[in-house]
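Data block below; observations after.
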Amino acid sequence: MPKKIIATASLAGCFGCHMSFLDIDERLLDLIELVEFDKSPFNDLKEFSRACDIGLIEGGCCNDENVHTLINFRQRCRVLVAVGECAIMGGLPSLRNVIPLQECLAEAYLHGPTVAGGATPNVIPHDPDLPKILDRVYPCHEIVKMDYFLPGCPPRADLIWDALVALVTGQELKWPYATFKFD
Amino acid sequence: MTQKIIIEPVTRVEGHGKVTIQLNDQGEVTQSRLHIVEFRGFERFVQGRPYWEAPVLVQRLCGICPVSHHLAAAKAMDVIVGAGGDQGLTPTAEKVRRLMHYGQIFQSHTLHFFHLASPDLLFGYDAPPAQRNVVGVALANRGLALQAVLMRKYGQEIIAATAGKKIHGTGAIPGGVNKSLTLAERDQLLNGPHPLNAGQMIAWAQGALAFFKDYYKKNKAFIDGFSRFPSNHLSLVRRDGALDLYHGVLRAVDAEGRRILDDVDYQDYIAHIREEVRSWSYMKFPYLLHLGPDNGWYRVGPLARLNTADFIPTPLAQAEFETFKQATGGKPNDMCMHTHWARLIETLHAAEAIHDLLLDADITGSDLVVKGARQAEGVGVIEAPRGTLIHHFRVGANDLIEMANLIVSTTHNNEPMNRAVNQVAKTYMTGQKIITEPMMNAVEVAIRAYDPCLSCATHAYGRMPLEIALVDAAGCVLDRKRK
Ligand code: SF4
């Protein structure tokens, strides 16, 4: 069986889901017998080099670059999986959704107790080289169609492993609902 | 015609950080910037949350070193519940937290060295990207890859035993911890079947150090000379000057080793540290207030810590520390690539500290939490794997958070990283019309030496693909290269 091609991305996430992936430990060595990595922060590949079988997405979308990445993944990956609460529901970063963006920026760059005052007037960062922040944090499925969802913050390594093996081998994932964790 | 070179260290569309370099008509570098392009808004949206949620919430800043945020927030909340200060916690709580933290240091440093740095050392900085990653290591040297996996696993098992979960645990609570080790957990970590036990981890940490020192011997000019420049250094140290990654006082030294911050209580950090905001980056620029932004910037992290500390309180790491100090005649070490060396000495220290803590009877004790007089404001500081991490909270009488100020490790290194980029740009890019591979490599290596945990500040993971574009003043791309 030819190896399946996997790509991964972290959007507005904390990389905890990628770290949980690494927590499959020794199975990493089995994994590289099963799959090949394309575009992913696990390697140095920046661009897609081919169509992929499986795309794993960590994090929701908080700026325009996240949106472009996600759309690009949808175009290049046959199956797209939302990994973790941030990708599924926006997760912790979406706590800002009930607060005007300007207030979040002002708190960080104007009002913080260690923000330097004095001679130079304080600024909120703005520059053509910075991406545009969205009005709120969007879960992935509000931007593109997602095929599967792995719950958890992060999903346990065993779940990531079993789900991946299921996808690669075309078997059904046999986890009783009660064993899922949503924290 | 003015030219602008844009380097996106992290994949363009994932965009967590990028570099722009401006050239003038003569092809001289006139400006270079490392932009941090992510913004989350934590300081604002934790307001209104109950204070006891903070240790669990804020660690979601960073899944690479969540324990550091978990503990820094918990330490701030210790102060809030009146259990702050040096003698605040019960011996069991303090030691369980230390064990959690050293487990984190061990796994994070291991991850950096084996998963991120070793491919460069094994295959060379010029090897094809497809090979220069942990998969490449696994294919080329299965034994080494397995060792890397198991060292990280051991650190993660310690975190799971103390925090309840490998990533984003809940072990530390205001005033203490919610569990200690069971005897079975203690025995498993101390004497578990080969190789997952404390003794093997010490041996492997020594092996990694030997591996690096051997590489250093063969590549001395590069390791000593690359991206080197003087700076100040800041970290926590124990009151007696020992390296201590969990608790202590703030100390800073200048390039000559003179104290410029003399062991101050971190509750007063506001009296000493300011942050400058620049319009082109979401990451602020901290500096020591009394020296000002131009002279008061500093480095943090493994190299800085070995420059501020007087000694290491475990014997094997202390012996390595002495060798390390000899290399600079006792002066602060400003050789950027020596950070790898410092990181491995700390890895060894962490393994020894873990071993000692597991032998301590308090680690299985049952006295877990203390409380005192409720305070309105608290600061928690810890030495995260990548450097000093500051959490500061104010909590209202209704127990809801009113103010949060976070200065993460990578933010402290903002100015040094920008200088490193600037220096490399001047060396490699002056007079260039075409982007060359060595230019790409140099920028990448210079930034990566700081191990910018990009997650805390920029949310990216270690290896940074590069994109460089030469752009003229009108915005036309003259040349573009990726790797
Ligand atoms: S789901 Fe949790 S672990 Fe995953 S990126 Fe979000 S905060 Fe991090």
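Residue numbers (our numbering), protein chains in the order written: chain A, 1 to 183; chain B, 184 to 666.
Where is the CB? At the ideal position from N, CA and C, for every residue including glycine.
To the nearest angstrom, report how far apart residue i and residue j are at their CA atoms.
i, j, result
"Y611 (chain B)", "M622 (chain B)", "6 Å"
"R243 (chain B)", "C153 (chain A)", "9 Å"
"G548 (chain B)", "T275 (chain B)", "6 Å"
"R325 (chain B)", "H298 (chain B)", "13 Å"
"P469 (chain B)", "E33 (chain A)", "46 Å"
"V460 (chain B)", "L499 (chain B)", "42 Å"
"G55 (chain A)", "Q209 (chain B)", "45 Å"
"N588 (chain B)", "A7 (chain A)", "36 Å"
"L294 (chain B)", "Y337 (chain B)", "12 Å"
"R569 (chain B)", "L527 (chain B)", "13 Å"
"S291 (chain B)", "C248 (chain B)", "7 Å"
"S638 (chain B)", "D158 (chain A)", "Note that S638 (chain B) scores a pLDDT of 42, beneath 50, so its modelled location is shaky and nothing firm can be said."
"R422 (chain B)", "L433 (chain B)", "9 Å"
"A386 (chain B)", "Q330 (chain B)", "11 Å"
"L304 (chain B)", "I5 (chain A)", "27 Å"
"Q102 (chain A)", "V591 (chain B)", "22 Å"
Could you check whether residue j and residue i sit closer than 7 Å to each other, using their CB atoms as the reference points?
i, j, result
"R78 (chain A)", "D53 (chain A)", "yes"
"L364 (chain B)", "I546 (chain B)", "yes"
"D483 (chain B)", "L417 (chain B)", "According to the sequence provided, residue 483 (chain B) is Val. The question's Asp does not apply to it. Against a cut-off of 7 Å, the Cβ pair of L417 (chain B) and V483 (chain B) comes out as a contact."
"A603 (chain B)", "S464 (chain B)", "no"
"V67 (chain A)", "I133 (chain A)", "no"
"V562 (chain B)", "Y449 (chain B)", "yes"
"A438 (chain B)", "L444 (chain B)", "no"
"V420 (chain B)", "G431 (chain B)", "yes"
"S10 (chain A)", "E58 (chain A)", "yes"
"A534 (chain B)", "G265 (chain B)", "no"
"A525 (chain B)", "L486 (chain B)", "yes"
"V229 (chain B)", "A608 (chain B)", "no"
"I495 (chain B)", "L426 (chain B)", "yes"
"Y177 (chain A)", "G60 (chain A)", "no"
"I288 (chain B)", "L428 (chain B)", "yes"
"M146 (chain A)", "A82 (chain A)", "yes"
Between which two residues does the alpha helix (DSSP H) carrying residue i extend?
i, result
"S291 (chain B)", "P274 to T293"
"D147 (chain A)", "Element bounds for D147 (chain A): n/a, residue is neither H nor E."
"F37 (chain A)", "Run containing F37 (chain A): none in the alpha helix (DSSP H); it sits in the beta strand (DSSP E), V35 to F37."
"P599 (chain B)", "N597 to M612"
"C20 (chain A)", "In the sequence as displayed, the identity of residue 20 (chain A) is Ser instead of Cys. Element bounds for S20 (chain A): G16 to L22."
"G338 (chain B)", "R325 to A346"
"E58 (chain A)", "Unbroken run through E58 (chain A) is the beta strand (DSSP E), C52 to E58; no alpha helix (DSSP H)."
"A502 (chain B)", "P498 to Q509"
"L159 (chain A)", "A157 to T169"
"C86 (chain A)", "E85 to M89"
"H253 (chain B)", "P249 to I263"
"R526 (chain B)", "H521 to L541"
"P302 (chain B)", "S301 to F306"
"F405 (chain B)", "K403 to G408"
"A178 (chain A)", "Per DSSP, A178 (chain A) belongs to no alpha helix (DSSP H) and is neither H nor E."
"F228 (chain B)", "F225 to F228"
"V115 (chain A)", "No alpha helix (DSSP H) holds V115 (chain A); DSSP gives it neither H nor E."
Candidates the options: which alpha carbon is nearest residue i's?
i, options, result
"N122 (chain A)", "A:L130, A:P131, A:L134 and A:Y109", "A:Y109"
"G479 (chain B)", "B:D446, B:R488, B:N415 and B:Q558", "B:N415"
"G90 (chain A)", "A:I24, A:F42 and A:C140", "A:C140"
"G267 (chain B)", "B:L471, B:I590 and B:H575", "B:H575"
"L392 (chain B)", "B:N207, B:R557, B:N601 and B:E529", "B:E529"
"K554 (chain B)", "B:E211, B:I406, B:K258 and B:V239", "B:K258"
"E503 (chain B)", "B:F395, B:R457, B:A587 and B:R223", "B:F395"
"T353 (chain B)", "B:R232, B:L531, B:R280 and B:I453", "B:R280"
"M520 (chain B)", "B:A331, B:I204 and B:A625", "B:A625"
"S215 (chain B)", "B:I573, B:R223 and B:T203", "B:T203"
"A559 (chain B)", "B:K467, B:E566, B:L572 and B:E585", "B:E585"
"A580 (chain B)", "B:I263, B:L240, B:C248 and B:P568", "B:I263"
"L531 (chain B)", "B:T593, B:Y285 and B:D423", "B:Y285"
"A255 (chain B)", "B:D407, B:I573, B:N596 and B:N374", "B:I573"
"P235 (chain B)", "B:L327, B:K278 and B:G359", "Contrary to the premise, residue 235 (chain B) reads as Trp rather than Pro in this sequence. Of B:L327, B:K278 and B:G359, the residue nearest in Cα terms is B:G359."
"P113 (chain A)", "B:I453, B:N380, B:D370 and B:A355", "B:I453"
Which residues mark the beginning and the end of the beta strand (DSSP E) in which residue i is found?
i, result
"C62 (chain A)", "C61 to N63"
"Y470 (chain B)", "F468 to L471"
"Y7 (chain A)", "Looking at the sequence provided, one finds Ala at residue 7 (chain A) rather than Tyr. Element bounds for A7 (chain A): K4 to S10."
"E459 (chain B)", "I456 to E459"
"S418 (chain B)", "N415 to V420"
"D135 (chain A)", "I133 to Y138"
Length-filtered (3 minimum) beta strand (DSSP E) runs lying within the region 423-452 of chain B: Counting only runs of at least 3 residues, the region 423-452 of chain B fully encloses the following beta strand (DSSP E) elements, listed from N- to C-terminal order: 432-436 and 442-447.
query: Of all the beta strand (DSSP E) runs that stay within the bounds of the region 554-593 of chain B, which reach a length of 3 or more residues?
result: The DSSP assignment places 560-567, 570-578 and 584-590 as complete runs of the beta strand (DSSP E) inside the region 554-593 of chain B, in order along the chain (cut-off: 3 residues).
Alpha helix (DSSP H) segments (min. 4 residues) lying fully within the region 364-392 of chain B: 366-374
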